[in-house]
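Notes to accompany the following structure.
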C-alpha cells in the first residue's frame, strides 16, 4: 500500500479493514468479480485464438496491466504518451499508444520510451493517420540517440467518425509512407469502432461490425496487392468483441472495460456469445441528508463520470429500488418510484455502479480492492491509479 | 513550482516558458484576467458592504484561497472535510465546510481540524440540516482532546431541492438544538440556491432569489422571536450574487466561479449590476487528426467537465467559428458551420472555455498560470490543485 502524504488524497481505508468501515465516497473494486472477468476474457480469447491487449485507458493501473498479462494478455493499450510512461514506470514493457501523436515534444518522449522499452526486451507501438504524423514520428525517432524502432499501426476509420484515414487506398498510401522510414515498422491496421460499442441493440452492433470487418478486409487485401503484408488487425471493445473475434480478420482485441463492467455496457442487449462480465467497480456512498421527498448521498460527479449516464444504485430488490439523480459536483439525489420503497435514512451506506468506468477511475488516486464480497469482505489491496490525469 | 516525480502528472510546462510551447492538453489560467476578476469582486463586495467567502470547491488551490483573502475575502468555503484539510495544510485558517458531514470518522477529523485552526488563531465552521447530524457533531467535538468550538450554520432549503431543512420552524428547532451543545456555536443560516445560478433569464434568477430572500428573512425573524439572534446569513453564487448582495439579509457571498468564469455562467443573460467577470481558465488543445468533414483535437472529457455543457472554442472571429463536439474521453471533434470557415490543420493550437470550472479543475494536478496574455505571454507560476480529488 502506497500512502500519500497529501491530505486531499489521504486514503481513509487500510489493508484488512472491513468493507463497512471504508469512508465515503470511495471507489471500491470487488476483486473476486474482477478475477472472474479476467478468467472469462482469457478463456474467450483462447477459444477464438486471438490476442488480447486490454486498454489501460480504463483502469490506468500498472499493477492491473501486469495482472492481465499474467493471465495471457499481450501488453497494454493506452491513448496518451504520459499513460505509456506511467505504465512503463510500473513495469509494463509492451505498450501500444493507440492514438495519433503530433506534438514534437511528445514525439521526443515517444522515441525515448521506445528505446527504454527495447532495452528491457519490450516494444512500443503507435497509431498514425496522416503523412504529417508519419514524417514527424520518423524525425523524432531519427533524432533520438538510439537505434530503437517503433511499431506503427495505420488507423482506418471503420465507422467511428473520429480519427483514422478512410479504408482502402488512403490507408495503403500511409502504410507505404511508413515503410520509407527505417525506424518505423509497419505493424498492421488499427480498426476500432468506438461508436458501435454503445449501440443498444445486438443486431445494430452486429451490423456495424460487419461493415468494419468488410472495410478492414478490403484494406488488408489492397495492402497485399501493393506488396505489403499486414501482420495484425487490432480493434474491438467490450460491446462488440464477439464479432471481431469471430471475424477471421481481427487478430487482437483491445477491450478494456470488461475488467470492471459499467452500467452503460450492461445496458446493451446481451449477445449470447458474450462472456458474462460482472460489475466489479463501485462507488461506496452514504446518505447525509434526508427529507420526505428525497434523500441526498455524498457522491456527485466529482466521484463518478456522467458522460455515459448516471450511476445506478446496486444490490437493492426491485420493490426497494432507488433512483439516483444528479445533485451536482458533490451530491446525489435519491428518489423512490415505488410506493412500497422507503427512502434511506441518514448514515445509510449504498453502492453505485458508475455509468462509465474509464473517466470514473481517472477521478481517483487509488482504488480500494476488496476480497470476500462487498457485504462482508475486507480490504485486500490498494490499487494506485498510476496514470490518473495523464493527459499529454 | 512543485515538480512531481510521477510520470503521469509530470508537468510539461516550466516557469518562464512561452505560452505557445505549453504542451497539450493543458489547463491554463490567464492570471491578468483572474486578477481583474478578483478586483471586480472585491469592489462589488465593498460597495454592498457584504463579506465574501469564495467557494474553494471551484479552484481547490490553497494559494488562490490566500490570494483572495489578501484582496479582502473572509476565509474560504469548501464542501468536503478533506478539502478543508488540504487548504489548512496550505495555510488557510478560516474555513467553512458548507455541507453536511455525518460519518463519525469524518467528524473526528472535523474536531481535530477545529482544534488545529483555533491554535493558529483561525476558526472552522460547518453546516447542519438534521438533529442526527447535530448530535453526531457534538459527540465528536466533545470526544476530542481539546476545548475548541465550531461555528454551526443551519442550512435551509431556499429552492435548491437538495440538502437543508425547510425554512421557518424546522430551522428554529435545529438552531435551538445547536445551542444545547457547549462546543457548537450557532453562527447563522446557510441559504444557498444552487439551481438559481444557472437559470438563463435574468428575471428568472431575480424571482428565484426574491423567494430565497423571503424564506431567509422569515426564518431569521422566527429565530429572533425564539430568542436566537442570527449572526449571519450566508449564500449566493456567481449567477445571482447581485440579488443576495442587495437583499439586506444576506451578509456573506459564497460565489467562487467568478474567479475563472466558465461557459455556463457566461451563457446567463447578463444582469446589468453584475461585475463583468472574464474567462480566466482555458484548456489549451491541439489538432491531431484532420479530414474533409472534421478535425480532431486532443482534449476530451478527461480534460474538462461536461456536466454543464461542452466547451467552446475561444478567440475565433464569428465567421471562422469552430463547434466542439464530444469525441470521447480523449478527443474533441471540431466542425465548421459557416461555409467561409476552414477546418484547422494538424498541429494547430486552440483554446477551449470549459462548460463548468469546478469539476474541470478537479481533473488536473496543476494549473498553469500565464502572465501577459494567451497570445504572447509566459508561464509565471504553477498552481498546485491541493484539493484535487478530495472527496471524503
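Chains as they are written, first to last, in my numbering: chain L, 1 to 392; chain B, 1001 to 1392. Quick reminder that beta carbons are idealized off the backbone N, C-alpha and C, glycines included.
For this session: Would you decide whether residue 1044 of chain B is buried or exposed? Buried here means 16 or more other CB atoms lie within 10 Å of its CB.
Result: buried
Exercise. Going by DSSP, what residues sit across from residue 1027 of chain B in a beta bridge?
Worked result: DSSP, once it has assigned bridges, lists B:1283 as partnering residue 1027 of chain B.
For this session: Could you name the residues that DSSP lists as bridge partners for residue 335 of chain L?
Result: L:323
Exercise. Taking all protein chains shown into account, do 16 or more other C-beta atoms lie within 10 angstroms of the C-beta of residue 315 of chain L, making it buried, or fewer, making it exposed?
Worked result: exposed
Problem set entry | residue 1391 of chain B at chain L interface by Cβ criterion, 8 Å | yes
For this session: May I have the straight-line CA-CA distance separating residue 290 of chain L from residue 324 of chain L, to the nearest angstrom?
Result: 14 Å
Problem set entry | Residue closest to residue 1185 of chain B, alpha-carbon to alpha-carbon, out of B:1206, B:1204, B:1221 and B:1229 | B:1229
For this session: Alpha carbon to alpha carbon, how far is residue 112 of chain L from residue 1015 of chain B? Give it in angstroms, no decimals.
Result: 24 Å
For this session: Kindly indicate which three-state DSSP category residue 1005 of chain B falls into: helix, strand or coil?
Result: Confidence in residue 1005 of chain B is poor, its pLDDT being 46 and thus under 50, which makes the residue's placement unreliable; the coordinate value appears in the next sentence. Here residue 1005 of chain B sits in coil by DSSP.
For this session: Give the DSSP bridge partners of residue 1290 of chain B, in chain order.
Result: Beta-bridge pairing links residue 1290 of chain B to B:1295.
Exercise. Would the segment 1101-1109 of chain B and the segment 1155-1162 of chain B be scored as touching if the rule is three or more Cβ pairs under 8 Å?
Worked result: no
Exercise. Pairing CB atoms from the segment 336-345 of chain L with CB atoms from the segment 1304-1311 of chain B, are three or more of them under 8 Å?
Worked result: Flag = no, the segment 336-345 of chain L and the segment 1304-1311 of chain B do not touch.
Problem set entry | Within 8 Å, strictly: CB atoms of residue 59 of chain L and residue 256 of chain L | yes
Problem set entry | Within chain L, partners of residue 1290 of chain B - CB distance below 8 Å | 130
Exercise. Based on Cα-Cα distance, which residue from L:364, L:100 and L:318 lies nearest to residue 163 of chain L?
Worked result: L:100
Exercise. Out of curiosity, what's the CA-to-CA distance linking residue 1372 of chain B and residue 1276 of chain B?
Worked result: 20 Å
Exercise. Can you list, in chain order, the residues of the segment 1145-1172 of chain B whose Cβ is nearer than 7 Å to any Cβ on chain L?
Worked result: 1162 and 1163
Exercise. Quick one: what does DSSP say residue 1384 of chain B is sitting in, helix, strand or coil?
Worked result: strand
For this session: Using beta-carbon positions only, say whether residue 1132 of chain B and residue 346 of chain L come within less than 8 Å of one another.
Result: yes
For this session: Measuring alpha carbon to alpha carbon, tell me which of B:1179, B:1369, B:1176 and B:1389 ends up nearest residue 1028 of chain B.
Result: B:1369
Exercise. Could you give the distance in angstroms between the alpha-carbon of residue 327 of chain L and the alpha-carbon of residue 335 of chain L?
Worked result: 12 Å
Exercise. Using a beta-carbon distance below 8 Å, is residue 1042 of chain B in contact with chain L?
Worked result: Cβ-Cβ to chain L under 8 Å: no for residue 1042 of chain B.
Problem set entry | Distance between residue 375 of chain L and residue 1181 of chain B (C-alpha atoms, nearest Å) | 36 Å
For this session: Taking only runs that begin and end inside the segment 1328-1374 of chain B, name each unbroken beta strand (DSSP E) of 3 or more residues, in chain order.
Result: 1332-1335, 1349-1353 and 1366-1371
For this session: Provide the residue span of the alpha helix (DSSP H) that contains residue 1133 of chain B, from first to last.
Result: 1131-1143
Exercise. Who are residue 1393 of chain B's beta bridge partners in DSSP?
Worked result: Nothing about residue 1393 of chain B can be read from this structure; chain B reaches only from 1001 to 1392.
For this session: Closer than 7 Å by C-beta to residue 1362 of chain B: which residues in its own chain qualify, once you throw out the five before and the five after it? Chain order, please.
Result: 1060, 1388 and 1389
Exercise. Along chain L, which residues have their Cβ under 8 Å away from the Cβ of residue 1268 of chain B?
Worked result: The contacting residues do not exist; residue 1268 of chain B stays about 17 Å from chain L at best.
Exercise. When we look at the beta-carbon of residue 63 of chain L and count the other beta-carbons within 10 Å, is it buried (16 or more) or exposed?
Worked result: buried
Exercise. Does the beta carbon of residue 1326 of chain B fall short of 7 Å from some heavy atom of the ligand GTP?
Worked result: In the structure shown, the ligand GTP is absent, as is every other ligand, since no ligand is present at all.
Exercise. Exposed or buried, residue 2 of chain L, counting other C-beta atoms within 10 Å across all chains shown (16 or more means buried)?
Worked result: Low per-residue confidence applies at residue 2 of chain L: pLDDT is 39, beneath 50, and the placement is therefore not dependable enough to give any value.
For this session: Using a Cβ-Cβ cut-off of less than 8 Å, list which residues of the segment 1097-1108 of chain B approach chain L; keep chain order.
Result: 1099, 1100, 1101, 1102, 1103, 1105 and 1106
Exercise. Excluding sequence positions up to five away, which residues of its chain have a Cβ less than 7 Å from the Cβ of residue 1012 of chain B?
Worked result: 1023
Exercise. CB residue 351 of chain L to CB residue 282 of chain L, shorter than 8 Å?
Worked result: yes
For this session: Compute the Euclidean distance between the alpha carbons of residue 252 of chain L and residue 241 of chain L, then round it to the nearest angstrom.
Result: 10 Å
Problem set entry | Within 8 Å, strictly: CB atoms of residue 294 of chain L and residue 235 of chain L | For residue 294 of chain L and residue 235 of chain L, no; Cβs fall outside 8 Å.
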